[in-house]
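The structure appears below as structure tokens.
2 protein chains.
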Amino acid sequence: MEKKSIKDVAEKAGVSTALVSYVLNNRMQGRISEATAARIRKAAKELNYQPNRIAQSLKLQKTRTIGLIVADITNTFSSQIARIVSEEARKKGYLVIIGSADEDAQKCAALIELFLSRQVDGFIIAAADNTEAQLKKLLKQKVPLVLFDRYFPSLKANAVTIDNYRASCTVTEHLIAAGKKRIGIIAYETGLFHLQERLRGYKDTLQQHRLAAPASLTGFVNIDNIEQDVARALDVMLSSRGRADAIYFTSNKLAVAGLKVLVERNIAIPGTLAVVSFDESDSFDFFHAPLTYVKQPLAGIGSEVVSMLISQMDMPASKITSKVLDAILVARASSQPS
Amino acid sequence: MEKKSIKDVAEKAGVSTALVSYVLNNRMQGRISEATAARIRKAAKELNYQPNRIAQSLKLQKTRTIGLIVADITNTFSSQIARIVSEEARKKGYLVIIGSADEDAQKCAALIELFLSRQVDGFIIAAADNTEAQLKKLLKQKVPLVLFDRYFPSLKANAVTIDNYRASCTVTEHLIAAGKKRIGIIAYETGLFHLQERLRGYKDTLQQHRLAAPASLTGFVNIDNIEQDVARALDVMLSSRGRADAIYFTSNKLAVAGLKVLVERNIAIPGTLAVVSFDESDSFDFFHAPLTYVKQPLAGIGSEVVSMLISQMDMPASKITSKVLDAILVARASSQPS
DNA sequence: TTGTACGCGTTATCAC
DNA sequence: GTGATAACGCGTACAA
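So the sequence lines, in the order shown, correspond to chains A and B.
Those letters in the first sequence? Residues 1 to 338, per UniProt numbering, in order.
Those letters in the second sequence? Residues 1 to 338, per UniProt numbering, in order.
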């Protein structure tokens, strides 16, 4: 029951190892007599031979392995994407190794190094803040790469994203249509483009509707201090003067933190305050009011990202492509007029 | 910026590849002049040389890769374990590749094959139902293996578990102490030992306290039909005659499904019904009553499982060990006397 | 310190 | 037409 090598199969079939390789890979058909081919296949099956992928990889200079780096694996968005990407890649004969950068540029760099030393064929990355330099280095080394979720306009890399600006516009329009006039936003203090886009969509839409967007209705949150920052920002928005009548959380994590505060403060949702979140969270399951949220096309992102990377790997000279998928606003009770 | 090999370093330093290997691996210290060693290290750094782990693996017949197979990656329990195991293994120089068996014996077998063909050094597995035969095969092939969460008493394999029987006793005692007399249980229809143990702990404890455990208070759920089965079981338990005053969900997934039903039926928790869950779920975040649940020592399981596997890999002849960690009952409002 | 035979497949080249 | 030989890929570690 020891692991068998191609040599074992060759001996059992009474041929050279070369022939075994040819037959099992269905190459050089016609150049090999069907009789010996059958003998080889039989021997391989009887020995339960499985080619050693390490040896294959060394020879072929390809591991058929993809490195996936997500922003934060504890976030449903990331774990869902990881599941979908793994499955899509498996269908195409690739193995995915997963790393979580935990929104940290250092960790991201370490993961890239780790995966490179393991000779991954390509990367799928949801970039953390301040990782542009690392990504640029990868691109310079011509490592196949596809970005998703987050991306840098300055970077000439393949990317699969949604239109964060437009999604935010939709959210804001939705709240305005529900009669809200003092719409607050909770956003990260970040250099990440896609998050800035969410903020921009909100601001532009308000302006377009001649609605105020005072600083008191814009809450910036430091990612390392979410709970306190969210609480502080909400308390400002809910203070007597110019009290907010709606709040748009630009991420699910912000929404969870925010909703906990709102529950503590006994704020009626959607009665006195409408709420919208970007992305889902399992936590929403039992929130008393079903939550309105922006739903990203996870399956689409996952499959697109994989096929884009594979085509890049197959034709290294192919040019950069970027694809924008549509997000959907799922309107539910939390943002409806009560 | 092309990838450098050991040969490049050797040439640049004007030595043989053997020396480079020795120096970079800190072998044969003293037998190599410090001057050339320094020259080699300098050359390696300048070329940004990273050894090709594929070649290393082929030569050493070790990949320093661990295959982790979890039951269901969408479950918090699994994803947390995956995160912890990956991190623990990384600290010790191992890479973890993750697969989700989705509670399916076929998928589990496919993952084992996939990982074996990738020459993982060992496995960490939360076994799905009906996978005993596959695991036995692995053991026969002397593949290092550690089981966790689920295990088979008949299998002589390393294992890290909790005492499910005792945890269930604790849950039941807790409910009894809270004055509950008609305690229902929702459990999977399964051959998995650890789940049967949970049921056994509940039954024994009831019997010990001379409390009834009629069939109407025991709900069996098929894993492929959770929603309906849970709803049906709960409706029986809540029917007028001999109505349950407490319910013990033997998994977080069952609890989530069950709580949705209970909310629909307008059952007051803990007012008319106390509830306990095994394991947590993000969904519990906003359930109106904080949920009492059995908390498993995830960090402990994760680190133990990794160190157990590594010691097994380092000394293949070492004998089977199994470790039982303690679970804690986190008592909160959902099971307190109202 | 160095040469080189490994590990295990793949594939170009050579032989009958 | 059929098949074998051998040179890779890249580190490692033994013999010299």
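Ideal Cβ positions, reconstructed from N, Cα and C, are used throughout, including at glycine.
A quick note: this is a predicted structure, and the numbers were derived from the prediction, not measured.
Gln119/B versus chain A: which residues are under 8 Å apart at the beta carbon?
Asn52, Arg53, Ile54
Classify Met315/A: buried if its beta carbon has 16 or more other beta carbons within 10 angstroms, exposed otherwise.
exposed
Under 8 Å between C-beta atoms, does Phe287/A make it to chain B?
yes
Look at the alpha carbon of Leu47/A and the alpha carbon of Val15/A, and state the distance between them as a whole number of angstroms.
15 Å
Go ahead and pull the three-state DSSP assignment for Asn48/A.
coil
Beta-carbon gap between Tyr202/A and Thr170/A smaller than 8 Å:
no
Would you mind telling me which residues of chain B sit closer than 9 Å to Val275/A, beta carbon to beta carbon, in chain order?
By Cβ distance, chain B contributes nothing, its closest Cβ being about 12 Å from Val275/A, past 9 Å.
At what residue ranges does the region 106–146 of chain A contain a whole run of the alpha helix (DSSP H), taking only runs of 4 or more?
132–140
Let me know the secondary structure DSSP gives Ala89/B once reduced to three states.
helix
Report yes if the C-beta distance between Met237/A and Leu206/A is below 8 Å; otherwise report no.
no
Alpha helix (DSSP H) segment containing Asn158/B, residue limits:
Premise fails: Asn158/B lies in the beta strand (DSSP E), 158–162, not in any alpha helix (DSSP H).
Please name the residue, chosen from Gly271/B, Ile162/B, Glu103/B, Thr63/B, that lies closest to Gly302/B on a Cα-to-Cα basis.
Ile162/B
Would Thr292/B pass as an interface residue toward chain A - the criterion being a Cβ-Cβ separation below 8 Å?
no
Any 3 or more C-beta pairs closer than 8 Å across the region 274–283 of chain B and the region 113–124 of chain B
no
Less than 8 Å between the C-beta atoms of Leu58/A and Ile54/B, yes or no?
yes
Nearest CA to the CA of Lys7/B: which residue from Glu34/B, Ala35/B, Gln29/B, Ile40/B?
Ile40/B
Interfacial residues, the region 21–33 of chain B to chain A, with Cβ spacing under 9 Å
none
Three or more C-beta pairs below 8 Å linking the region 80–99 of chain B and the region 31–39 of chain B:
no
Length of the line joining the Cα atoms of Ala213/B and Ile223/B
23 Å
Go through its chain and collect everything with a Cβ distance to Val294/A's Cβ below 6 Å, but skip five positions before and after it.
Ala167, Phe278, Ala327, Leu329
Does DSSP put residue 349/A in a helix, a strand or coil?
This structure gives no information on residue 349/A, because the portion of chain A shown stretches from 1 to 338.
Grouping DSSP H, G and I as helix and E and B as strand, with all else coil, what is Gly302/A?
helix
Below 8 Å on the Cβ atoms is my contact criterion, and I expect Asp104/A with Ala128/A to pass it. Report the Cβ-Cβ distance as a whole number of Å.
6 Å
Those runs of the alpha helix (DSSP H) which lie wholly inside the region 157–222 of chain A and span at least 4 residues
164–177, 193–208
Would you say Thr63/A faces chain B, with C-beta separation under 8 Å as the test?
yes
Apply the 10 Å Cβ neighbour rule to Asp235/B and answer buried if 16 or more other Cβ atoms are within range, or exposed otherwise.
exposed
Between Ala191/A and Asn130/A, is the Cβ-Cβ spacing less than 8 Å?
The amino acid occupying residue 191/A in the given sequence is Gly; Ala does not appear at that position. Yes.
Taking DSSP as the reference, what is the three-state secondary structure of Thr292/A?
strand
Among residues of its own chain, excluding the 5 on either side of Val230/A, which ones have a beta-carbon nearer than 8 Å to its beta-carbon?
Ile186, Gly219, Val221, Leu254, Ala257, Gly258, Val261
Helix or strand or just coil, what does DSSP make of Ile73/A?
coil
Pull out every residue of the region 253–266 of chain A whose Cβ sits closer than 9 Å to any Cβ of chain B, in chain order.
Val256, Leu259, Lys260, Val263
When Cβ atoms are compared, which residues of the region 146–174 of chain A fall closer than 9 Å to chain B?
none
Under a CB-based cut-off of 8 Å, is Leu139/A close to chain B?
no
Boundaries (first-last residue) of the alpha helix (DSSP H) holding Leu325/B:
Per DSSP, Leu325/B belongs to no alpha helix (DSSP H); it is in the beta strand (DSSP E), 322–325.
Assuming the contact rule is C-beta atoms closer than 8 Å, Ser335/A and His174/A should be a hit. Round their C-beta distance to whole Å, please.
7 Å
Given this structure, state the Cα-to-Cα distance separating Asp102/B from Gln80/A, to the nearest angstrom.
14 Å
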